[in-house]
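Beneath this line is the structure, given in structure tokens, with notes to follow.
Structure (structure tokens):
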């Protein structure tokens, strides 16, 4: 686009002086030739830019434009030349492409060179226009400064948006808190060209705050959570939790009325520089730094630390407080999630060990207890002189075969945890029929509608049913039981009921809650209740949120 605008500007100038030949009023042929040459130069730059090629580096192109404009001014009417306005094009390009410093440099150079060249080549005597000689450099300085300021501001806002985008992409649990903080500090250091960046976190360790610091040219991987001496921690956290400050130190370029410091109350949303100027200066003296900006860290309404950026020269201003608060708002949830995932990963092994212990208890130990009971019954029968145990042994053998098959299924489940949720009810009915055949307990399964459950939830519910039926067989004299499955809104309801009315002594005791069932239900976010029906039968009620 810049190449096209340069070409349009050159061709427009040719057209204008062709329509109104009053200017240039001297060196007409040479001026036309110079303007045609500049038009051809602009056309070459434009066509090369369309093909993504370059004739000159971008940082050099606007300086070449200024040289061409000076030649046109010198060949025409000096400070009164109509080509004076071309300088604003170069200032615009430098300002919006490279920022305030480049734009202001071009502004100063254009004003100075235009004044010198224009005065040297301006007509003498009564044709010399003093008003234009005085006003046009002022126009260049004032308007050029405004262009440089707004161009630099736009580039800074774009860089800030880019930095915020990069920070939101730092969320990788594999990196951990230290490397994530180090990457953030490295990006802030590069953005501001700061000498030192530090992050103090008071909630990372229960006993004392931790310090993350990054110096210039320090590798990001070396950033770690460091312990601090109590006095240093107290000093870094000495500012209130709702105050952000900028301390600029001493600068020769600053006016006497500008203190260079800035403080902002985040709670009341107002400036409070006069109140905290002495405190920020004292803090800078104690830390032995020249300039710094500091903002508090907050997460969910709680103060969690402080961020410091330190430099040897005045590079911060009040707008940096608002930007750094946005950075903090982006990074704090990321750090919290990483810490949460780290804790979950640390507890995963323990949780898996407990889950395996429950699975082994329900799927391995319980069947062996059943076999033990049957062997005890056969032994008692033999001790009573009844030698007709062939049928009992055959049934015991079938139970053993079934339990071995169940153990193999348990091992396969450890290798492949994927369970087809759509076959959940069929799996429950098959398990109930097998349990009834093995232990002589009549088991009925009732369901209110279809239930499509995720694999992990289906496997856990089958384990709960297994434990419930085993408890009925071991601890009651019931001959039958009923399993009811239903879905109420977003809750899955599982009822395990026996058909045995307890004795008077058992009725007087409060029903106990099976520990294994309660642990599994709580792990799934649910709850367990044990109730007695009107006719005295016990019902274990399990509710799991879906």
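In the working numbering, the protein residues as written are 92 to 637.
Note that beta-carbon positions come from the ideal geometry of N, C-alpha and C, so glycine has one too.
#1: Would you mind sorting residue 292 into buried or exposed? The rule is 16 or more other CB atoms within 10 Å of its CB.
#2: Quick check: the stretch 513 to 528 against the stretch 548 to 566, are there 3 or more CB pairs under 8 Å?
#3: Contact defined as beta carbons within less than 8 Å: I believe residue 242 pairs with residue 176. What is the distance between those atoms, to the nearest angstrom?
#4: What residue range is occupied by the uninterrupted beta strand (DSSP E) comprising residue 587?
#5: Quick one: measure Cβ to Cβ for residue 106 and residue 130, integer angstroms, because I've assumed they're closer than 8 Å.
#6: In the DSSP assignment, the beta strand (DSSP E) including residue 406 goes from what residue to what residue?
#7: Could you tell me which whole beta strand (DSSP E) segments of length 3 or greater appear in the stretch 533 to 559?
#8: If we count the other Cβ atoms within 10 Å of its Cβ and call it buried at 16 or more, is residue 110 buried or exposed?
#9: Closest to residue 391 by C-alpha separation, out of 427, 445 and 259, would be which residue?
#10: How would you call residue 143, buried or exposed, if buried means at least 16 neighbouring beta carbons within 10 angstroms?
#11: DSSP three-state call for residue 513: helix, strand or coil?
#12: Could you tell me which residues DSSP pairs with residue 290 in its beta bridges?
#13: If distances are taken between C-alpha atoms only, which option among 358, 353 and 375 comes closest to residue 365?
#14: Between residue 136 and residue 158, is the Cβ-Cβ spacing less than 9 Å?
#15: With burial defined as no fewer than 16 other Cβ atoms inside 10 Å of the residue's Cβ, what is the status of residue 492: buried or exposed?
#16: With distances taken Cα to Cα, identify the nearest neighbour of residue 356 among 374, 483 and 387.
#17: Keeping to the same chain, check which residues put their C-beta closer than 6 Å to that of residue 306; ignore five residues upstream and five downstream.
#18: Per DSSP, what kind of secondary structure is residue 565 in: helix, strand or coil?
#19: Do residue 178 and residue 160 have their CB atoms nearer than 9 Å?
#20: Are residue 631 and residue 617 closer than 9 Å when you measure CB to CB?
#21: Return the CA-CA distance between residue 311 and residue 138, expressed in angstroms with no decimal places.
#22: Would you grab the beta carbon distance between residue 184 and residue 121 for me? Rounded to a whole angstrom, and I think it's under 8 Å.
#23: State whether the stretch 271 to 288 contacts the stretch 230 to 240, with contact taken as three or more CB pairs (one from each stretch) at a distance under 8 Å.
#24: Pull the bridge partners of residue 577 from the DSSP assignment, please.
#25: Taking 8 Å as the cut-off, does the stretch 375 to 383 touch the stretch 323 to 341 (at least 3 CB pairs, one atom from each stretch)?
#26: Starting from the C-beta of residue 269, find all residues in its chain whose C-beta is less than 8 Å away, skip the five residues before and the five after it, and write them out in chain order.
#27: Excluding five sequence neighbours on each side, which residues of the same chain lie with their C-beta closer than 6 Å to the C-beta of residue 537?
#28: Find out if the Cβ-Cβ distance for the pair residue 464, residue 494 is shorter than 9 Å.
#29: Alpha carbon to alpha carbon, how far is residue 415 from residue 421? Give it in angstroms, no decimals.
#30: Where does residue 308 land, buried or exposed, given buried means 16+ other C-beta within 10 angstroms?
#31: Take residue 188 as the anchor and find which of 604, 467 and 246 has the nearest alpha-carbon.
#32: What does the alpha-carbon distance come out to for the pair residue 172 and residue 164?
#33: Using only alpha-carbon positions, find the residue among 584, 555 and 589 that is nearest to residue 569.
#34: Is residue 254 near residue 278, with beta carbons less than 9 Å apart?
#35: Over the uninterrupted beta strand (DSSP E) stretch that includes residue 634, give me the two end residues.
For this structure:
#1: Around the C-beta of residue 292, 16 or more other C-beta atoms lie within 10 Å, and the residue is accordingly described as buried.
#2: With a cut-off of 8 Å, the stretch 548 to 566 and the stretch 513 to 528 count as touching, because enough Cβ pairs lie within range.
#3: Taking C-beta atoms under 8 Å as the contact rule, residue 242 and residue 176 fail to qualify, at a distance of about 18 Å.
#4: Counting along the chain, residue 587 sits inside the beta strand (DSSP E) bounded by residues 582 to 589.
#5: Not a contact, Cβ separation roughly 10 Å.
#6: First-last for residue 406: undefined, no H or E at that position.
#7: Here the runs fully enclosed are 533 to 538.
#8: Exposed is the call here.
#9: Nearest to residue 391 by C-alpha distance, out of 427, 445 and 259, is 427.
#10: Its Cβ having fewer than 16 others within 10 Å, residue 143 is exposed.
#11: Here residue 513 scores only 49 on pLDDT, less than 50, and its place in the model is too uncertain to base an answer on.
#12: DSSP output for residue 290 lists 303 and 398 as bridge partner(s).
#13: Closest by alpha carbon: 353.
#14: It is not a contact, given that the beta carbons lie outside the stated cut-off.
#15: Exposed, since its Cβ has fewer than 16 Cβ neighbours within 10 Å.
#16: With distances taken between Cα atoms, residue 356 lies closest to 387.
#17: Non-local beta-carbon contacts of residue 306 in its own chain, meaning distances under 6 Å to residues more than five positions away in sequence, involve 287 in chain order.
#18: It is helical.
#19: Against a cut-off of 9 Å, the Cβ pair of residue 160 and residue 178 comes out as a contact.
#20: One thing to note: residue 631 has its Cβ no nearer than 9 Å to the Cβ of residue 617.
#21: One C-alpha to the other measures close to 43 Å.
#22: Not a contact, Cβ separation roughly 26 Å.
#23: With fewer than three CB-CB distances shorter than 8 Å, the stretch 271 to 288 does not count as touching the stretch 230 to 240.
#24: Note: residue 577 sits in a beta bridge opposite 584.
#25: Contact between the stretch 323 to 341 and the stretch 375 to 383 is present, because at least three Cβ pairs lie under 8 Å.
#26: Here residue 269 has 303, 314, 315 and 316 as same chain residues with Cβ atoms under 8 Å from its own Cβ, once five neighbours each way along the sequence are excluded.
#27: If you ignore the 5 residues before and after residue 537, its C-beta comes within less than 6 Å of the C-beta of 575, all in its own chain and listed in chain order.
#28: Result no, Cβ atoms of residue 464 and residue 494 do not sit closer than 9 Å.
#29: If you take the alpha carbons of residue 421 and residue 415, they lie about 10 Å apart.
#30: By the neighbour-count rule (16 or more Cβ atoms within 10 Å), residue 308 is not buried but exposed.
#31: Comparing Cα-Cα distances from residue 188 to each of 604, 467 and 246, the minimum goes to 246.
#32: Approximately 6 Å, taken between the alpha carbons.
#33: Considering only alpha carbons, the answer is 589.
#34: Contact: yes.
#35: Residue 634 -> beta strand (DSSP E) spans 629 to 636.
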